[in-house]
Amino acid sequence: IDFFLRQSKVVNFRYPEVSHHCPTTPIILVGTKADLREDRETIERLRERRLTPISQTQGLVMAKEIKAVKYLECSALTQRGLKQVFDEAIRAVLCPPQKPKKKKCSIL
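Each residue of the sequence shown is one higher than the last, beginning at 10 in this note's numbering.
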């Protein structure tokens, strides 16, 4: 969340690698360091580089772009959202989303 360039790294490097090697594995995109979105020092450091923290909306858009089953945010420092990340990871494996079945075309 604190560094916008990580977003392009996910889309351009990590997602293609994961989707190639694990095409049927559900993906959960997690925005970490959520506590830094409100941290004055972090905001100032990013502002000096003409950047801003990644917003939740940007995270949701990226999750949709890489076909993630969920977008979550957490902070290891404050523990906010941490349990939910693990719960959703377990849920994604045990109850993977069903892909819609393709309709077959019949010509008479």
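Note that CB positions come from ideal geometry on N, CA and C, so glycine has one too.
key: Cut-off 8 Å between Cβ atoms - residues of its own chain near C83, not counting five sequence neighbours on either side   = Closer than 8 Å at Cβ, skipping near neighbours: V39, G40, T41, A43, R89, G90, L91, Q93, V94.
message = Quick check on A85: buried or exposed, where buried means 16 or more other Cβ atoms within 10 Å of its Cβ?
response = A85 comes out exposed.
query = Is the distance from the Cβ of I37 to the Cβ of A98 below 8 Å?
reply = Between I37 and A98, the CB-CB gap stays under 8 Å.
task = Please go through the same chain and pick out, in chain order, the residues whose beta-carbon is closer than 6 Å to the beta-carbon of A72, but skip the five residues on each side of it.
result = For A72, where only same-chain residues beyond five positions count, the Cβ hits under 6 Å are L38, Y80.
query = For I9, which three-state DSSP category applies?
reply = A question about residue 9 goes unanswered here, because the residues of the chain that appear run from 10 up to 117.
query = Can you tell me whether P105 is buried or exposed, with buried defined as 16 or more other CB within 10 angstroms of its CB?
reply = By the 10 Å Cβ count, P105 comes out exposed.
request  = Leaving aside the five residues before and after H30 along the sequence, list all residues of the same chain whose C-beta is less than 8 Å from its C-beta, in chain order.
outcome  = Shown here for H30: not one same chain residue has a beta carbon closer than 8 Å to its own, the five before and five after excluded.
key: Host beta strand (DSSP E) of E82 (start-end)   = Counting along the chain, the beta strand (DSSP E) containing E82 begins and ends at 79-82.
query = Where in the stretch 41-83 do unbroken runs of the alpha helix (DSSP H), each at least 4 residues long, occur, reported from the N-terminal end onward?
reply = Entirely contained in the stretch 41-83, the alpha helix (DSSP H) runs reaching 4 residues are, in chain order, 49-57, 65-74.
Where I10 sits in the DSSP three-state scheme = If DSSP states are grouped into helix, strand and coil, I10 belongs with coil.
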